[in-house]
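A.B. asks:
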Amino acid sequence: MESRERHQRMTLEHYLSYYFSQNKGVRLGETTVVSNKVHSNHPATPGHIKIYIDQDAGQTYLGREEANQILHIDVFHEPARLDPVYVARRIWGALETYFNQLRDERRSELTKDECRQIVKELSEKIHVKTAGGQGTVFQLASRKGEISTSKNIIQNHVHVLAELECKYYDSLIFMVDAIEAAIINQGFEIRRVEALDHCKKEIVTEKGTGVGVSLPGFNSPEAKAHIAQQNRLQIILDLASAFGTIEEAKNFLESLTATGNIFLGSFAKKHGDGDLKQTLLDLCNHNLVKKGRFTHTLTDEGKELLEFIKYHQKELEAQVRKSIRKYQIVRHNYQTYHNSELKSRKSQLTDERRVVGLDSHAWLGELAIPETVVAATARSFLQGQRHMSIKREDIKQYGRKSFAPIDTCLAIDCSGSMVGEKIRAVAYLAQHFLLTSREKVSVVTFQETSSKVVIPFTKSYQKLVEGLRSIQPEGMTPLAKGILEAVELVKKKRARNPLLVLITDGIPNYPLWTTDAQADALKAAEMIAQNKIRLVCIGVLPNESFLKELAKIGKGNLYIVDELDKNSLLDVVTQEWQRYKYSK
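Following the UniProt record's numbering, the residues of the sequence shown are numbered contiguously, the last one being 584.
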C-alpha cells in the first residue's frame, strides 16, 4: 500500500475525533457524510447536506441514552432501490480486507482467527438501511434482515449506523469504498456531496432504526413529481425483469384491453400462471390495472404508463442493458465435480498500443512504420547527418498479445418444469453473458420430442433477445437430442474454444436412438469429449447421480445448485468461462 494512503488512514482517527469533539460532521471522499448527528437534504438540492447539531444519531435512531456513541454514515447516490443484502456483504468483505491490511502492515498483533471474530462482532454493531430493507450487517449478510417487498420505496443514500471504537475509524475508508462499489455494481450512480450545513433543527423522529427525518420540502410539487417519475421507472424495470424485455412488457400491457384478455394465456404458458397473477396483483396495487369480473384492464394511469413506454422504448431498453451489464454476481457454494482438463487455444494478435525494438534474433511482429521513422529522424539529427537514414537500431515493431476467443453454446432444457422463474434466469444469463464477454453466444433448446437452434452463434444483442422471446417451455426432456444438436452446431460453425453450458432441472425422458432416454443421453455426451468441447453442466440435487455420470462421460464439470436462479447461473458460468479463457 502506498505510504500516502497509509498516512491518511493513520491520521483519520485524529481527524474525525477532532471534528466530532467540535460537534461537527465531515465529508469523507466525494459521496459520504460522517458525524454523530442526524443528516437530511432537500430534494431540490440533493448535494447540500444539513447536519443537525442538536440531534444525536444514536439517541434519535437507536434510542441510546448517551450521546456521541454512534457514527452516522450516509453514502449518497441517485434515487434508487438498492439490495441491502449485497451492500452488507460488501461491507463485511471490506472489514475483512481492513484487518488483513493491518496484519500485513504489522500494525496489529491479532491472529487470523481473532480478526475473524472482531469482524463478526463489528458486523453485529453496524446497521445498514437502503430502500430495499434494513438490518445489521450480520443479519443482512445471513439474509435474516428486514427485506422490504414494496416496489414504491426509493432512497438517495445508503444509511449506516455504526458503533465503532476510535481506533477502528480508519476502517471507514474501506467500508465507504465497498458501499460505493455496491451502488455502481447495481447499475446506479454515486452522487457528490457539494456542501455541509451545520444547524439546529426541531424535527420529529420515531425511535428505531429508520431514517425518520422530516425532509424539508418533501411535499413540494417538484419533490412529488421526482418521486412519481422514479416510481414509474422502477415499475417499468420490474415489468421488464418479469417478462424479459421492455418489448415483452409493452406487449403484456397492450394485451390488457377493454375487450378482454385474449392473449394472457400465452403469457401464462411462458411465465407461469402464478407469476402472472402476482404481476397483475402488483399492477392493481399501483392503480395501473383494474380487475373486472372476467378481465383485467388498464386504468387511465396504466394507459399513460403504456404510452410512456412506447415513446421512450429505446431509452428504456438501454437502461435495461446497462442494469444487466452491471449486475453484481453473488458468489455461492456448490457441490462440484470436475472432470475437464481441456485448455483454451490462444491466438496471437498484433498489439498496436505496444511498440518494441527489433528482436536480436528474429522478426517477431508487424513493422511500426511511424515509430521507426521518428526514431530514425531523431538519431540522424543528433548525429549531425544531412539526410535521414534508417539503421537496425531504429526499427520498431508492434508487440503481440494473446487472445483466447470463446464461443459459448447454451443448451437449455425447455420442458414444462422450466416455466417461470427458471427460464427467465436462463434468458438473463444469456443476455448478461453476451453483454459482458462481447463474444459469440448461441442458444439450443430441447423440449417435447425435438431440439432447435433458437439463436445461432452471434454477437448481436438484438438477435439474442428476439430468439429468447420465442422460447416457451412445455413438454418432455429429450436431452440426447439437445446435446446432439449443440455438438452439430459447434462443428458446423467451427466455434473457437467451444464452451457448452448444459442447463437442466430434470433427467431425460424421451429417447433418441433406443428406448432408453438416459442411455441415449450418455451416448450423446461421448460426442462432447470426442469433439474437444468443454462441458459445464448445471443441475439440481434430485438428479445428481445421473448428471455426475453424464459429466464424467462428457469430460465436463458439474455444478449442483439449490435452485436454477439468476445468481447461481451467473456465478457458475462466469467462473467457468474465466477459468477456461485464462487456462494455461
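Beta carbons are placed, not taken as given, at the ideal position from N, Cα and C, and that holds for glycine.
For residue 197, does the count of other Cβ atoms within 10 angstroms reach 16, so buried, or fall short, so exposed?
C.D. replies: The residue is exposed, with fewer than 16 neighbouring Cβ atoms inside 10 Å.
A.B. asks: Can you tell me which residues form a DSSP beta bridge with residue 335?
C.D. replies: DSSP, once it has assigned bridges, lists 560 as partnering residue 335.
A.B. asks: Assuming residue 485 and residue 446 make a contact with CB atoms under 8 Å, what is their CB distance in whole Å?
C.D. replies: Their Cβ separation, rounded to whole angstroms, is 7 Å, which keeps residue 485 and residue 446 in contact under 8 Å.
A.B. asks: Roughly how many whole angstroms lie between the Cα atoms of residue 97 and residue 420?
C.D. replies: Their Cα atoms are separated by approximately 39 Å.
A.B. asks: Give me whichever residues DSSP pairs with residue 155 in a beta bridge.
C.D. replies: The partner list for residue 155 (beta bridge, DSSP) reads 80.
A.B. asks: Can you list, in chain order, the residues of its chain with a C-beta nearer than 8 Å to that of residue 490? Leave out the 5 residues immediately preceding and following it.
C.D. replies: Cβ neighbours of residue 490 beyond the five flanking positions: 407, 409, 498, 500, 531, 533.
A.B. asks: Whole angstroms are fine: how far does the CA of residue 170 sit from the CA of residue 99?
C.D. replies: In a straight line, the C-alpha of residue 99 is about 11 Å away from that of residue 170.
A.B. asks: Grab the span of the alpha helix (DSSP H) containing residue 566 for me, first residue to last.
C.D. replies: First-last of the alpha helix (DSSP H) with residue 566: 566 to 581.
A.B. asks: Quick one: what's got a C-beta closer than 7 Å to residue 81's C-beta in the same chain, skipping five residues either side?
C.D. replies: Correct list, in chain order: 131, 132, 153, 154, 234.
A.B. asks: Taking the alpha carbon of residue 367 as the reference point, which residue from 392, 386, 186 has its own alpha carbon closest?
C.D. replies: Comparing Cα-Cα distances from residue 367 to each of 392, 386, 186, the minimum goes to 392.
A.B. asks: Compute the distance between the beta-carbons of residue 572 and residue 334, then report whether it is under 9 Å.
C.D. replies: Yes, the pair counts as a contact, with Cβ atoms nearer than the cut-off.
A.B. asks: What's the gap between the Cα of residue 450 and the Cα of residue 190?
C.D. replies: Rounded to the nearest angstrom, the two C-alpha atoms are 49 Å apart.
A.B. asks: Go to residue 185, then tell me how far its alpha helix (DSSP H) extends in each direction, as first and last residue.
C.D. replies: Run containing residue 185: 171 to 185, per the alpha helix (DSSP H) assignment.
A.B. asks: Terminal residues of the continuous alpha helix (DSSP H) containing residue 529?
C.D. replies: Here the alpha helix (DSSP H) through residue 529 covers 517 to 530.
A.B. asks: Using 8 Å for Cβ pairs, my map puts residue 12 next to residue 172. What's the rounded Cβ distance?
C.D. replies: That belief holds up - the Cβ atoms of residue 12 and residue 172 are roughly 7 Å apart, short of 8 Å.
A.B. asks: Can you tell me whether residue 281 is buried or exposed, with buried defined as 16 or more other CB within 10 angstroms of its CB?
C.D. replies: Answer is exposed; the Cβ neighbour count stays below 16.
A.B. asks: Nearest CA to the CA of residue 523: which residue from 432, 495, 67, 555?
C.D. replies: Ranking 432, 495, 67, 555 by Cα distance to residue 523 puts 555 first.
A.B. asks: Do residue 323 and residue 186 come within 9 Å of each other at the CB atom, strictly closer than that value?
C.D. replies: Going by C-beta atoms, residue 186 is nearer than 9 Å to residue 323.
A.B. asks: Strictly by DSSP, which residues pair up with residue 135?
C.D. replies: BP columns for residue 135 point to 128.
A.B. asks: In whole angstroms, give me the CA-to-CA distance for residue 325 and residue 296.
C.D. replies: Going by the C-alpha atoms only, they are around 34 Å apart.
A.B. asks: Going by Cα to Cα distance, which pick from 175, 156, 167, 148 is closest to residue 137?
C.D. replies: If we check each option's Cα against that of residue 137, 175 comes out closest.
A.B. asks: For residue 340, I'd like the list of residues in its chain whose CB is within less than 7 Å of its CB, leaving aside the five on either flank, ordered along the chain.
C.D. replies: These residues qualify, in order along the chain: 534, 535, 555, 556, 557.
A.B. asks: If you count every other CB in all the chains shown that lies within 10 Å of the CB of residue 55, and 16 or more means buried, which is it?
C.D. replies: Classification for residue 55: buried.
A.B. asks: With distance defined between alpha-carbon atoms, name the residue in 526, 553, 559 nearest to residue 540.
C.D. replies: It is 559 whose Cα lies nearest to the Cα of residue 540.
A.B. asks: Apply the 10 Å Cβ neighbour rule to residue 513 and answer buried if 16 or more other Cβ atoms are within range, or exposed otherwise.
C.D. replies: Exposed, because fewer than 16 other Cβ atoms sit within 10 Å of the Cβ of residue 513.
A.B. asks: Identify, in the order they occur along the chain, each residue of the same chain with its Cβ nearer than 7 Å to the Cβ of residue 181, setting aside the five sequence neighbours on each side.
C.D. replies: Result list for residue 181: 90, in chain order.
A.B. asks: Which whole-angstrom value is the C-beta distance of residue 53 and residue 162, which I expect to be below 8 Å?
C.D. replies: Going by Cβ atoms, the distance from residue 53 to residue 162 rounds to 19 Å, so no, they are not a contact pair.
A.B. asks: Suppose only complete runs of 4+ residues qualify. What are the alpha helix (DSSP H) ranges in the stretch 401 to 444, listed by chain order?
C.D. replies: Those alpha helix (DSSP H) runs which fall completely within the stretch 401 to 444 and span 4+ residues are 421 to 437.
A.B. asks: If you reduce the DSSP assignment to three classes, tell me which class residue 113 lands in.
C.D. replies: If DSSP states are grouped into helix, strand and coil, residue 113 belongs with the helices.
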